[in-house]
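S.K.: Protein chains in written order, with this note's numbering: chain A, 1 to 127; chain B, 1001 to 1505.
Ideal placement from N, C-alpha and C gives every residue a C-beta, glycine not left out.
These figures come from a predicted structure and were not determined experimentally.
Structure below.
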């Protein structure tokens, strides 16, 4: 299972790429594999404020409908419009073209609570 | 046929055209004679503003064309009348045909909902007695038949919870706006709670597949409106802590809702009311052997405790002496959740089933359902991982995760079972089990059928070892092969082209 070293993670199988005060959010390779073929992604609105632990997006696959939680608090500054027409991108390239949203962080300290790659791999092996 | 597996009937693999693609201009199924006298002016019957300008593009077909088209389609259905249907959580038990005789009696089939109560005493008596029986089976007080299905019963039950708390609200107290739901629940539970305006708090399962009591203790509080629980749960396991769960929720001021999807395991053995539940829905189309779903009429009556009865939808049937009447004057009622009295024809079938079974028979239904499930689990366990391994109730969940090393997933096993003439079990649910297969044989199946199914799974296991592509590309013997489910959901094509090339919805 692919778990890039340079990203942060949550136990809910989201990944976070930190760049200054911004965080790009997606779901992990493990998550997309568990979900199966993704058929629809309900994206947040740009400008929307989200709290850590609150709903960020909804991913619908042939198997289930799952919430994607905001791993950090912030304001949505960009969403991946590509997923509207090509939700399969989330399966094909979960860490790249399949990103979901970019947050501008309002509580940067929350970053301390995220997992690094090693901790996420450990979480997966315990799952 | 090798004697071990059932072969599906040979069906020619040609597509069935739509009824709109059949026929010819001007063709009719029947010719009506010309009217004897003059017709009233059309404008007097339907104002011009309400009339369409061109006739609708309806099929123009002969009667045999219509009959053959729909008969052919019906033969392509998989039904419990054509094969074993162990679809977990759905209780696809056989529906006795004699029920259809009863429901077609003119006293039931020719009624109009606006008839005066004096002329429909038999129908009212049937509803009143069925209500008494469901109250006895559940250990509760009163019922409504209006909800048209289980999820509709859930929504109605949540509306009752809301009405109850509104009537008992303490000044200055925080709003009771949270519904607790275990992570193994049917997806309809959180969906119904959200629809009713509640926030859903998810409670994880513990190591034995029951509700995690420590998390529950931390989660109940002054904002708890209620808890929704299926018992036995969707893992087919009875939650042994139900009395403690009920006490925790009640002490916090919340109410307990029983999702009756799995009631086929407990008839005559344990009662939700005795477990501490305040509201129960029964799926008559599961537990009480009425025809099943597919968009057709179901029934999800809910039964409640005495303290919730004032809030039930109107009307209720009341008995006075030996007469029955419909009562609408119930000032605390949440109103109606469906026209009239629900699907009356479904109620007649459930009434016939309960009357035929009797108390001892209903208990045997559940005992046989549990026995069949445990037998099938014992025959299948060697091929799968068994999470939360303990005796199951009327259904069980196994994990096909061990098949992953062969490149085979639960869905592939399900599709291959179709080639062996079986309806697949529920797959990918509950979500807490990886590659879940949820099997519910029901009480109506014979030992031979259960063995044939287990033999088919064993044969498929062999195929997975030697030729996994056979599974990944299955089914091979059905009218349509593996469907592109992802493509159908991503790019649904809901139109068909008319002869002129124009697209019509």
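1. In terms of DSSP beta bridges, what is residue 15 of chain A paired with?
2. Which first and last residues belong to the alpha helix (DSSP H) in which residue 1215 of chain B is found?
3. State yes or no: is the C-beta of residue 87 of chain A within less than 8 Å of the C-beta of residue 21 of chain A?
4. Below 8 Å between beta carbons: does that hold for residue 1474 of chain B and residue 1102 of chain B?
5. Show which residues of chain A have a CB atom less than 8 Å away from the CB atom of residue 1428 of chain B.
6. Is the CB of residue 87 of chain A under 8 Å away from at least one CB in chain B?
7. Does the distance from the CB of residue 1228 of chain B to the CB of residue 1183 of chain B come in under 8 Å?
8. Under 7 Å between beta-carbons, which chain B residues line up against residue 39 of chain A? List them in chain order, please.
9. Which residues, in chain order, does the region 1401 to 1433 of chain B contribute to contact with chain A at a C-beta distance below 7 Å?
10. If we ignore side chains and look at the alpha-carbon of each, how far apart do residue 1471 of chain B and residue 69 of chain A end up?
11. Could you pull out every unbroken alpha helix (DSSP H) segment of at least 4 residues lying fully inside the region 36 to 124 of chain A, listed in chain order?
12. What does DSSP give as the partner residues of residue 1279 of chain B in its beta bridges?
13. For the candidate residues B:1291, B:1454 and B:1017, whose alpha-carbon lies nearest to that of residue 1346 of chain B?
14. Using a 10 Å radius around the Cβ and a threshold of 16 neighbouring Cβ atoms, would you call residue 1164 of chain B buried or exposed?
15. Do the region 1460 to 1470 of chain B and the region 1111 to 1130 of chain B make contact, defined as three or more Cβ pairs closer than 8 Å?
16. Between the Cα of residue 79 of chain A and the Cα atoms of A:101, A:60 and A:92, which residue gives the shortest distance?
17. Can you tell which of A:26, A:104, A:2 and A:5 has the C-alpha that lies nearest to the C-alpha of residue 97 of chain A?
18. Between residue 1267 of chain B and residue 1362 of chain B, how many whole angstroms is the CB-CB distance? I'm expecting something under 8 Å.
19. Would you check if there are 3 or more beta carbon pairs closer than 8 Å linking the region 1129 to 1149 of chain B to the region 1169 to 1186 of chain B?
20. Less than 8 Å between the CB atoms is what I'm expecting for residue 63 of chain A and residue 35 of chain A, so what's the real figure, rounded?
21. Return the residue from the list B:1395, B:1073, B:1427 and B:1417 that minimises the CA-CA distance to residue 944 of chain B.
22. Please report the straight-line C-alpha distance between residue 1415 of chain B and residue 1424 of chain B, rounded to a whole angstrom.
23. List the endpoints of the continuous alpha helix (DSSP H) containing residue 1156 of chain B.
24. Apart from the five residues just before and just after residue 1224 of chain B, which ones in its own chain have a Cβ nearer than 6 Å to its Cβ?
25. Less than 8 Å between C-beta atoms, sequence neighbours within five positions excluded: which residues of the same chain meet that for residue 984 of chain B?
26. Quick one: any contact between the region 1045 to 1061 of chain B and the region 1084 to 1091 of chain B, if contact means 3 or more CB pairs under 8 Å?
27. With 8 Å set as the bound, which would you pick, yes or no: does the beta-carbon of residue 1244 of chain B sit closer than that to a beta-carbon of chain D?
28. Assign residue 1438 of chain B to buried or exposed, taking buried as 16 or more other Cβ atoms, counted over all protein chains shown, within 10 Å of its Cβ.
29. Rounded to whole angstroms, what's the CA-CA distance from residue 1002 of chain B to residue 1467 of chain B? Just pull it up for me.
30. Considering only the beta carbon of each residue, do residue 1317 of chain B and residue 1311 of chain B sit closer than 8 Å?
31. What distance in whole Å lies between the Cβ atoms of residue 1392 of chain B and residue 1237 of chain B, which are believed to be in contact at a cut-off of 8 Å?
32. Taking only runs that begin and end inside the region 1405 to 1472 of chain B, name each unbroken beta strand (DSSP E) of 3 or more residues, in chain order.
M.R.: Reading from the atomic positions:
1. A:9 and A:26, per the DSSP bridge assignment.
2. 1213 to 1219 is the span of the alpha helix (DSSP H), which, as asked, contains residue 1215 of chain B.
3. No, Cβ-Cβ distance for residue 87 of chain A and residue 21 of chain A is not below 8 Å.
4. Contact flag unset, no.
5. Within chain A, the residues near residue 1428 of chain B are 36, 63 and 64.
6. Taking CB atoms only, residue 87 of chain A has a neighbour in chain B less than 8 Å away.
7. 8 Å or more divides the Cβ of residue 1228 of chain B from the Cβ of residue 1183 of chain B.
8. The contacting residues are 1486, 1489 and 1490.
9. Answer in chain order: 1428 and 1431.
10. Spanning the alpha carbons of residue 1471 of chain B and residue 69 of chain A requires a straight line of approximately 35 Å.
11. If you keep only unbroken alpha helix (DSSP H) runs of at least 4 residues inside the region 36 to 124 of chain A, you get 82 to 85 and 89 to 92.
12. When DSSP reads this structure, residue 1279 of chain B sits in a beta bridge with B:1257 and B:1304.
13. Nearest in C-alpha terms to residue 1346 of chain B, of all of B:1291, B:1454 and B:1017, is B:1291.
14. By the 10 Å Cβ count, residue 1164 of chain B comes out buried.
15. Contact between the region 1460 to 1470 of chain B and the region 1111 to 1130 of chain B is absent, because fewer than three Cβ pairs lie under 8 Å.
16. Ranking A:101, A:60 and A:92 by Cα distance to residue 79 of chain A puts A:101 first.
17. Distance from the Cα of residue 97 of chain A is smallest, within the candidate group A:26, A:104, A:2 and A:5, for A:26.
18. About 4 Å separates the Cβ atoms of residue 1267 of chain B and residue 1362 of chain B, confirming a contact at the 8 Å cut-off.
19. The region 1129 to 1149 of chain B makes no contact with the region 1169 to 1186 of chain B, as fewer than three CB pairs between them are under 8 Å.
20. Contact holds; Cβ gap of about 6 Å.
21. There is no way to answer for residue 944 of chain B, as the model of chain B reaches only from 1001 to 1505.
22. The alpha-carbon atoms of residue 1415 of chain B and residue 1424 of chain B are separated by roughly 7 Å.
23. Run containing residue 1156 of chain B: 1150 to 1167, per the alpha helix (DSSP H) assignment.
24. Closer than 6 Å at the Cβ level, and outside the excluded window around residue 1224 of chain B, lie 1178, 1252 and 1254.
25. Beyond the ends of chain B as shown, which are 1001 and 1505, falls residue 984 of chain B; an answer cannot be given.
26. Because the criterion of three Cβ pairs below 8 Å is not met, the region 1045 to 1061 of chain B and the region 1084 to 1091 of chain B do not touch.
27. Going by chain labels, chain D is absent from the structure shown, which instead holds the protein chains A and B.
28. Buried is the call here.
29. Unreliable positioning characterises residue 1002 of chain B in this predicted model, as indicated by a pLDDT of 46, which lies under 50. The coordinate reading is nonetheless provided below. In a straight line, the C-alpha of residue 1002 of chain B is about 20 Å away from that of residue 1467 of chain B.
30. In this structure, residue 1317 of chain B lies away from residue 1311 of chain B, with their beta-carbon atoms at least 8 Å apart.
31. Under the criterion of beta carbons closer than 8 Å, residue 1237 of chain B and residue 1392 of chain B qualify as touching, at roughly 7 Å.
32. Look at the region 1405 to 1472 of chain B and you find these whole runs of beta strand (DSSP E), each 3 residues long or longer: 1436 to 1439.
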